[in-house]
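Notes follow once the structure below has been shown.
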Amino acid sequence: MKTTEQQNKPINGNDLIALGYPENEILGIALKINKKRNGYTKAEMLDKYAQVLSSPQDFLEDKIFKTLAKGFIDGIHLPLQDENLIELNENPNDFKIYGAEKIEDGALEQMKVAMKLPVTVAGAIMPDAHQGYGLPIGGVLATKNAIIPYGVGVDIGCRMALSIYDLPASHYFEHHNSLKETLVKNTKFGAGHGFHGQYKAEHQILDDTKFETNSFIQNLKDKAWSQLGSSGGGNHFVEFGLIDFKEDDEKLNIKKGSYLALLTHSGSRGFGATIAGHYTKIAKEICKLPYKAQNLAYLDLDSAEGQEYWIAMNLAGEYASACHEIIHQKIAKSIGAEVLAKVENHHNFAWKEIYNGEEVIVHRKGATPASKDIMGIIPGSMTAPGFLVRGKGEENSINSASHGAGRQMSRTQAIKSLSQNKINDYLNDFGITLIGGGKDEAPMAYKDIHEVMAAQQDLVDIVATFTPKMVRMADDGSRED
DNA sequence: ATGTCC
148 MKTTEQQNKP INGNDLIALG YPENEILGIA LKINKKRNGY TKAEMLDKYA QVLSSPQDFL
208 EDKIFKTLAK GFIDGIHLPL QDENLIELNE NPNDFKIYGA EKIEDGALEQ MKVAMKLPVT
268 VAGAIMPDAH QGYGLPIGGV LATKNAIIPY GVGVDIGCRM ALSIYDLPAS HYFEHHNSLK
328 ETLVKNTKFG AGHGFHGQYK AEHQILDDTK FETNSFIQNL KDKAWSQLGS SGGGNHFVEF
388 GLIDFKEDDE KLNIKKGSYL ALLTHSGSRG FGATIAGHYT KIAKEICKLP YKAQNLAYLD
448 LDSAEGQEYW IAMNLAGEYA SACHEIIHQK IAKSIGAEVL AKVENHHNFA WKEIYNGEEV
508 IVHRKGATPA SKDIMGIIPG SMTAPGFLVR GKGEENSINS ASHGAGRQMS RTQAIKSLSQ
568 NKINDYLNDF GITLIGGGKD EAPMAYKDIH EVMAAQQDLV DIVATFTPKM VRMADDGSRE
628 D
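When we follow my numbering, the leftmost residue of the first sequence carries the number 148, and every step to the right adds one.
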């Protein structure tokens, strides 16, 4: 007797390949269909898939399988016959791997595919890397005059921002409750959420002429305005913590000691996500790559579409920065603190940089810029320290470092295997106050940040240590209002 | 990451 769980088990690409399905876009179409299974068990579905494969003509009128059947009949050989298909190089260029033993195979495989693109100049993978769409998260890729929307990522301009206050660590313990109120009052979390009416933020980004680039971008402005100053969901947070300088830092003009600080992690919200989706779609139409590389579709930077994406990406980056600025301004005002120093860095973006003496486009998808003396923030987890770092300018990493600890447990794995009580006890042991936050963001779901930092000693110097104390994230129920 | 498929 089958349990419901067994019947509902998902079908993955390997199941279909085992049936004899080809490794091209047919696989994608077939998997999409599986999402609306209409009560069929896994076994029944696999049987159907086998029938469609052997006689697609019988399924052209089938409600569920007609798109797949049609795909087989008039599409199956298309990608191979397409005269515009761009060939990958046979052997991938070498790329530097940091922290290899902790990086999942899938991420390395994705990096190898990226290294075969004809536009690729160099690549590197950071010790917190894991699989993503196209380029892995933690992947760094330098290209020649080409921009890959999925090499930047969905959350364009996602970044860290740190404000160090003129307040001693003791302030946190003395004002715990009012800090909590400040955090709740001045932040907004949850997918789709933003500010309305009198609560909408004002910022000069709204006057940016890049919003007038084309009607597609123009149409995104209203929602961008409403989400200005919000944080979103997933691993995004706004947190108070204590930052510890073991010695004076002259460049930041901070004296040795421990200070209250605010650390934020978020990106360009729906605005950037919509831009990423739109230009990935355009790139895929223009740049026909073999199946395995399709999410690495790129735009020539000199083409109209490439220019538009570049402008939109930069606008999304500035928008993400504005979101952080608003949060930091509101909170500094609310607690009446003076800001001694501010550090900010994006980790999902592309830049024009010089590599080996030539101008290249450096994509950092979940990687911290780490050029010589450039400051960045690498967060650990709620219960593990994050680090204020200064780049060493290591060319092998294409002047980059990790953007965090990286996951050791997938979201679904964390939700399944961790109990809320256990997470609460763990947070208590570390003296962490958490507002919101789902099980998938539990600290145990992340790798050991110390191991990650050890793997990138050649890439960054640690300037100060940040210990989170009070964390706000989207809560589990954030999808409802 | 994103109201998770226009």
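Don't be surprised by glycine CBs; every beta carbon is placed ideally from N, CA and C.
If you're wondering where the values come from, they're calculated on a predicted model, not measured in any experiment.
Nearest-angstrom beta carbon gap, residue j and residue i [assumed within contact, 8 Å]
i      : j      : result
VAL287 : ARG554 : Between ARG554 and VAL287 the Cβ distance is about 18 Å, and since that is not below 8 Å, they are no contact.
PHE418 : LEU353 : Going by Cβ atoms, the distance from PHE418 to LEU353 rounds to 12 Å, so no, they are not a contact pair.
HIS494 : GLY513 : 6 Å
THR530 : PHE496 : With a Cβ gap of about 28 Å, THR530 and PHE496 do not count as contacting.
PRO239 : LYS213 : At roughly 38 Å, the Cβ-Cβ gap does not stay under 8 Å, so PRO239 and LYS213 are not in contact.
GLY304 : ALA467 : 4 Å
TYR438 : GLU230 : So it is not a contact: roughly 17 Å between Cβ atoms.
ARG306 : GLU491 : 6 Å
GLN278 : ALA254 : 5 Å
GLU359 : GLN351 : The Cβ separation is near 15 Å, so there is no contact.
Under 9 Å between C-beta atoms of residue i and residue j
i      : j      : result
ALA561 : ASP587 : yes
ARG273 : TYR245 : Contrary to the premise, residue 273 reads as Met rather than Arg in this sequence. Their beta carbons are under 9 Å apart, which means MET273 touches TYR245 by this criterion.
GLU485 : VAL268 : no
ALA289 : ILE521 : no
ALA592 : ALA338 : no
GLY464 : SER415 : yes
ALA548 : ILE525 : yes
PHE363 : PRO615 : no
GLN257 : GLY218 : no
ILE250 : LEU443 : no
SER564 : MET556 : yes
ALA459 : LYS357 : yes
ASN546 : PRO516 : yes
ILE474 : VAL385 : yes
VAL607 : ALA552 : no
GLU541 : ASN503 : no
ALA420 : VAL301 : yes
GLY376 : LYS477 : yes
LEU448 : ALA293 : yes
GLU397 : TYR426 : no
Pairwise C-alpha distance: residue j and residue i
i      : j      : result
LEU446 : ASN461 : 15 Å
GLY160 : ILE173 : 10 Å
LEU227 : ALA216 : Its pLDDT being 49, under 50, LEU227 is placed unreliably by the model, and the measurement read from it follows with that caveat. Cα-Cα distance, rounded: 18 Å.
LEU225 : ALA469 : Unreliable positioning characterises LEU225 in this predicted model, as indicated by a pLDDT of 48, which lies under 50. The coordinate reading is nonetheless provided below. Approximately 45 Å between the Cα atoms of the pair.
ILE164 : ALA197 : 11 Å
ALA423 : LYS435 : 18 Å
LYS243 : LYS539 : 16 Å
ILE131 : LEU178 : Within the shown structure, residues of the chain are numbered from 148 to 628, placing residue 131 beyond reach of any answer.
GLU234 : GLY583 : 47 Å
GLU321 : ASP605 : 39 Å
PHE317 : TRP498 : The question names Phe, but residue 317 in the sequence shown is Ser. Rounded to whole angstroms, SER317 to TRP498 spans 40 Å at the Cα level.
ILE284 : ALA276 : 5 Å
ASN575 : GLY527 : 17 Å
THR559 : GLY585 : 11 Å
LEU207 : LYS189 : 22 Å
HIS550 : SER544 : 13 Å
GLU162 : ASP194 : Per the sequence shown, the amino acid found at residue 162 is Asp instead of Glu. Taking the straight line joining both Cα atoms gives about 11 Å.
LEU166 : GLY175 : 15 Å
ALA602 : LEU232 : 39 Å
ASP241 : ILE570 : 41 Å
Closest Cα partner of residue i within the set the options
i      : options                        : result
MET192 : PRO315, LEU407, SER201, ILE180 : ILE180
PRO532 : LEU565, ASP449, VAL618, GLN476 : VAL618
LEU314 : MET307, LEU326, ARG306         : LEU326
GLY344 : MET600, TRP372, GLU328, ASP355 : TRP372
ALA271 : GLY298, LEU407, ALA293         : GLY298
HIS412 : GLN441, ALA420, GLY380         : GLY380
VAL266 : LYS291, LYS259, ALA247, VAL260 : LYS291
LEU535 : GLY523, GLU328, HIS318         : GLY523
ASN236 : PHE206, LEU264, LYS210, ALA293 : LEU264
PRO203 : TYR168, HIS597, MET307, ASN382 : TYR168
ILE211 : VAL301, GLN454, ASN185, ALA440 : ASN185
HIS323 : ARG537, LEU581, VAL301         : LEU581
HIS383 : THR360, LEU410, LYS402         : LEU410
LEU399 : ILE570, ARG537, GLN374         : ARG537
Residue i Cβ short of 8 Å to the ligand GDP heavy atom set
i      : result
ALA621 : In the structure on display, the ligand GDP does not appear, and there are no ligands present to speak of.
Taking 8 Å as the cut-off, does the stretch 421 to 440 touch the stretch 331 to 347 (at least 3 CB pairs, one atom from each stretch)?
The stretch 331 to 347 is not in contact with the stretch 421 to 440.
Quick test of the definition: if touching needs 3 or more C-beta pairs under 8 Å, does the stretch 605 to 615 touch the stretch 376 to 395?
yes
With a threshold of 8 Å, are at least 3 pairs of Cβ atoms found where one atom belongs to the stretch 396 to 406 and the other to the stretch 305 to 314?
The stretch 396 to 406, when compared against the stretch 305 to 314, does touch it at the 8 Å Cβ threshold.
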